[in-house]
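So for the sequence shown, our numbering puts the first residue at 229; every next one is plus one.
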Amino acid sequence: MDSIKAPWKIYRAGKLCAEAVTHREAQGIVKQLSKLYPGDRLYCQYEGRNIAHCGDGGKPL
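So this is what it looks like as structure tokens:
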């Protein structure tokens, strides 16, 4: 997947295992993976652009 289209990255045991477009989708993936792998550490990271720096005149939240 393209990193711009899927800015949410989910890592399991230090390796990339899933990508998501929205925060809600990422939360759902983490929830499902935590059920499949209860002993593993899951890490979710946003690697997209910051809204305030998008160049479209966005204002910080």
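Heads up, the beta-carbon is just placed ideally off N, CA and C, and yes, glycines get one too. Model, not experiment: these values are computed from the prediction.
Exercise for the section: State the beta-bridge partners of Glu247 as determined by DSSP. Expected result: Lys237
Practice task
Just tell me which of Lys237, Glu253, Ala241 and Gly256 has its CA closest to the CA of Glu247.
Solution key: Lys237
Handout entry: First through last residue of the beta strand (DSSP E) which encompasses Tyr274
Key = Leu270 to Tyr274
Problem - Of the listed residues Pro235, Tyr239 and Ala234, nearest to Leu261 (C-alpha basis) - result: Tyr239
Problem - Cβ pair Pro266, Val249 closer than 9 Å - result: no
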